[in-house]
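Undergrad: Here you go, one structure.
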Amino acid sequence: MISQEMHIGLCHQTTHRITSEMIERFAEATGDFNPLHLDEEFARGTLFGRRVAHGMLLAGILSGVLGTQFPGVGTIYVSQTLRFRRPVFIGDELTLTLRVVERMEGRKRLRLETIFVNQDGETVLTGEAVVIPPSAP
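Heads up, the sequence shown is in this note's numbering, so the first residue is 11 and it goes up one at a time.
The structure is reproduced here in structure tokens:
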């Protein structure tokens with residue numbers, strides 16, 4: 011049973027600052043050593059002009075929030091769509107907003123809108139997640 015607290019429209023927000031260390035640790039964990047993420051000199055010659063965070067680093071942050079904060083500890087992540095809209099740079103402060111858009115009672119699942127916005131109000135990532143929230147008491 012899905013908790014009645016998880017109503018359509020319910021939102022949760024968290025803020026995250028992207029650091030060089032986060033990017034380096036993500037590269038080590040995934041093996042994605044693309045110099046666009048790790049080499050300032052290389053990155054200067056790219057479309058972005060400087061190092062950018064891995065897009066999937068944001069997906070990892072999202073996963074952490076889903077499993078520990080909203081809907082909460084024990085959440086099972088079923089699926090996710092992602093649309094990378096703008097690059098994310100070292101030092102960017104991102105606000106993640108999760109919003110319940112559907113309660114799938116028969117399957118005991120929630121569909122959530124997932125949006126990251128940077129400190130300038132620009133949307134950098136959008137998507138939807140389907141999760142099985144922790145059981146209601």
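Think of the CB as a built atom: it goes at the ideal place given N, C-alpha and C, for glycine as much as any other residue.
Please tell me whether M114 and L108 are closer than 9 Å, where the distance is taken between their beta carbons.
TA: As a first step, residue 114 is located in the sequence shown; it is residue number 104 there, counting from the start. As a first step, residue 108 is located in the sequence shown; it is residue number 98 there, counting from the start. Cβ distance not < 9 Å, so M114 and L108 don't count as in contact.
Undergrad: Who are the near neighbours of D102 in its chain, counting only those whose CB is closer than 6 Å to its CB and skipping five residues on each side?
TA: Sequence index remark: in the sequence shown, residue 102 carries index 92 (1-based). Cβ within range, chain order: I28, N128.
Undergrad: Only counting the same chain, and skipping five residues up and downstream in sequence, which positions put a Cβ closer than 6 Å to that of V111?
TA: Indexing the sequence shown from 1 puts residue 111 at position 101. Cβ neighbours of V111 beyond the five flanking positions: R121, E123.
Undergrad: If contacts are defined as beta-carbon pairs under 8 Å, then G82 and P144 qualify, I think. What distance do you get, rounded to the angstrom?
TA: On the sequence shown, position 72 is the one that residue 82 refers to. On the sequence shown, position 134 is the one that residue 144 refers to. Indeed they touch by this definition, with Cβ atoms about 5 Å apart.
Undergrad: Run the CB neighbour count on V88, radius 10 Å, all protein chains shown included, and call it buried at 16 or more, exposed below.
TA: Within the sequence shown, numbered from 1, the residue matching residue 88 stands at position 78. Flag for V88 reads exposed.
Undergrad: Excluding the five sequence neighbours on either side, which residues of its own chain have a C-beta within less than 8 Å of the C-beta of M16, listed in chain order?
TA: The count along the sequence shown starts at 1 and reaches residue 16 at position 6. Within the same chain, M16 has close Cβ partners P81, V110, R113, L120, P143.
Undergrad: Using C-beta distances below 7 Å, list every residue in its chain close to R95, excluding the 5 sequence neighbours before and after it, in chain order.
TA: Translated into positions along the sequence shown, residue 95 becomes position 85. Excluding positions up to five away in sequence, the list reads T133, V134, L135, T136.
Undergrad: So A63 packs on H47, CB below 8 Å; how close in whole Å?
TA: Residue numbering aside, residue 63 sits at position 53 when the sequence shown is read from its first letter. Residue numbering aside, residue 47 sits at position 37 when the sequence shown is read from its first letter. Indeed, because the Cβ distance is near 7 Å, the residues count as touching under 8 Å.
Undergrad: Is it buried or exposed for A139, if we count other Cβ within 10 angstroms and need 16 for buried?
TA: Along the sequence shown, one-based indexing puts residue 139 at 129. That one is buried.
Undergrad: Can you list, in chain order, the residues of its chain with a C-beta nearer than 7 Å to that of S30? Leave out the 5 residues immediately preceding and following it.
TA: Walking along the sequence shown from the start, residue 30 turns up at place 20. The answer, listed in chain order, is I100.
Undergrad: State the beta-bridge partners of R93 as determined by DSSP.
TA: By 1-based counting over the sequence shown, the position of residue 93 is 83. Looking at the DSSP assignment, R93 forms a beta bridge with T136.
Undergrad: Taking Cβ to Cβ, would you say L20 is nearer than 9 Å to I71?
TA: Within the sequence shown, numbered from 1, the residue matching residue 20 stands at position 10. Within the sequence shown, numbered from 1, the residue matching residue 71 stands at position 61. No, the pair does not count as a contact, with Cβ atoms beyond the cut-off.
Undergrad: What does a CB cutoff of less than 6 Å around G77 pick up in its chain, not counting 5 residues either side in sequence?
TA: Within the sequence shown, the letter at position 67 stands for residue 77. So the list reads T85, once near-sequence residues are dropped.
Undergrad: Report the three-state DSSP secondary structure of H47 (helix, strand or coil).
TA: In the sequence shown, the residue the question calls residue 47 occupies position 37. Here DSSP, grouped into helix, strand and coil, assigns H47 to helix.
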